[in-house]
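**Student:** Dropping a structure here in structure tokens format, bear with me for questions.
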Amino acid sequence: MLVFRQLQRPQAITFDLDDTLYDNGPIIRRATAKLQDYITTEHPAIAALVPSQWNPCRKAAIRQDPRLSSDMTRLRKAVLRRLGELAGYSAEQCEQLAESGYQVFYQARSDFSINENVYSLLSELVKHMPIVAITNGNVDLQQVGIGHLFSACYQANIHAPMKPSPVMFDRALVELGLPAERVLHVGDHLVKDVWAAHQVGMQSAWFACNREMNLRNEPCRILPTVQLCALNDLLKLVG
Numbered sequence: 001m002l003v004f005r006q007l008q009r010p011q012a013i014t015f016d017l018d019d020t021l022y023d024n025g026p027i028i029r030r031a032t033a034k035l036q037d038y039i040t041t042e043h044p045a046i047a048a049l050v051p052s053q054w055n056p057c058r059k060a061a062i063r064q065d066p067r068l069s070s071d072m073t074r075l076r077k078a079v080l081r082r083l084g085e086l087a088g089y090s091a092e093q094c095e096q097l098a099e100s101g102y103q104v105f106y107q108a109r110s111d112f113s114i115n116e117n118v119y120s121l122l123s124e125l126v127k128h129m130p131i132v133a134i135t136n137g138n139v140d141l142q143q144v145g146i147g148h149l150f151s152a153c154y155q156a157n158i159h160a161p162m163k164p165s166p167v168m169f170d171r172a173l174v175e176l177g178l179p180a181e182r183v184l185h186v187g188d189h190l191v192k193d194v195w196a197a198h199q200v201g202m203q204s205a206w207f208a209c210n211r212e213m214n215l216r217n218e219p220c221r222i223l224p225t226v227q228l229c230a231l232n233d234l235l236k237l238v239g
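Under full-length UniProt numbering, read the sequence shown as residues 1 to 239, first letter to last.
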């Protein structure tokens, strides 16, 4: 563990999820493949449009409603609806495609188990203090099997912009009822997690589970309070 600035013993810990507690890339790729298989089988007319039209439809949806850039659920449904429109589907068929297609993706997106060591760490931490999730993603923590360990989960949406916006951090602090400096945020991104946490007065711990942690390779606006060598380093801060 590398300490870059004065560290106070935290009274609560907030966690980023994707690429902090688990490697999110393979999960998203698998979920995307599941959705593609579903579309190919059930909606071949849509499948023919996906390679060339998915990204243009995505950009068009965000142009129409910029808030969708923070809401992965609504954005994916909007893209599916638009693809249905391009294929000549009725409004009802477009809505059915959006709902059924999204459910295929979302079930696969949350179809994994957390590493046993990470689960054990979270289980130990909650004996000492509350832990909260603050994520730009939309994983279902109950399906993953760790929802019961978190006192709250804040997910980016049209009413709560993605990190590094302070909105979700501020809401977590209100819920915890603690001074910001007594809360430690753990995340893999030096801007969306570390800088964002410091902007609201929280301490930060930098940890990425999916890549080498080299400051030279990362976008950086401010150094974290601490850089963890392993997530289990957190136990040294709560004893």
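Note that the Cβ used here is the ideal one computed from N, Cα and C, for glycine as well.
#1: Among F4, R58, L2, L234, which residue has its Cα nearest to the Cα of A120?
#2: For A197 and L223, what's the separation of their Cα atoms in angstroms?
#3: Would you say L2 and V194 are within 8 Å of each other, going by their C-beta atoms?
#4: Alpha carbon to alpha carbon, what distance is there between S70 and E92?
#5: Would you tell me roughly how many angstroms separate the C-alpha atoms of F207 and S110, rounded to the nearest one?
#6: Cα separation between G147 and L122?
#7: Hey, V191 and P219 are a contact pair by Cβ (cut 8 Å); roughly how many whole angstroms apart?
#8: Using the C-alpha atoms, what's the distance from N157 back to R67?
#9: Decide if the region 14-22 is in contact with the region 35-50; the criterion is three or more beta carbon pairs, one per stretch, under 8 Å apart.
#10: Pick helix, strand or coil for D170, following the three-state DSSP scheme.
#11: Would you identify the three-state DSSP class for A48, choosing helix, strand or coil?
#12: Grab the span of the beta strand (DSSP E) containing C153 for me, first residue to last.
#13: What's the C-alpha gap between L80 and V104?
#14: On the DSSP bridge list, what partners appear for G187?
#15: With a threshold of 8 Å on Cβ separation, who are the neighbours of I39 within its own chain once the five nearest residues in sequence on each side are excluded?
#16: Might you give, ordered along the chain, the residues of its own chain that have their beta carbon closer than 8 Å to the beta carbon of P166, omitting 5 neighbours on each side?
#17: Looking at the unbroken beta strand (DSSP E) that takes in I13, where does it start and where does it end?
**Tutor:** According to the data block:
#1: For the sequence presented, residue 120 should be read as Ser rather than Ala. Of F4, R58, L2, L234, the residue nearest in Cα terms is L234.
#2: 11 Å
#3: no
#4: 26 Å
#5: 22 Å
#6: 11 Å
#7: 5 Å
#8: In this structure, the straight-line span from the alpha carbon of R67 to that of N157 is close to 8 Å.
#9: no
#10: helix
#11: coil
#12: 152-155
#13: Per the coordinates, the alpha-carbon of L80 lies some 12 Å from the alpha-carbon of V104.
#14: W206
#15: I46, A47, V50, G101
#16: A196, Q199, V200
#17: 12-15
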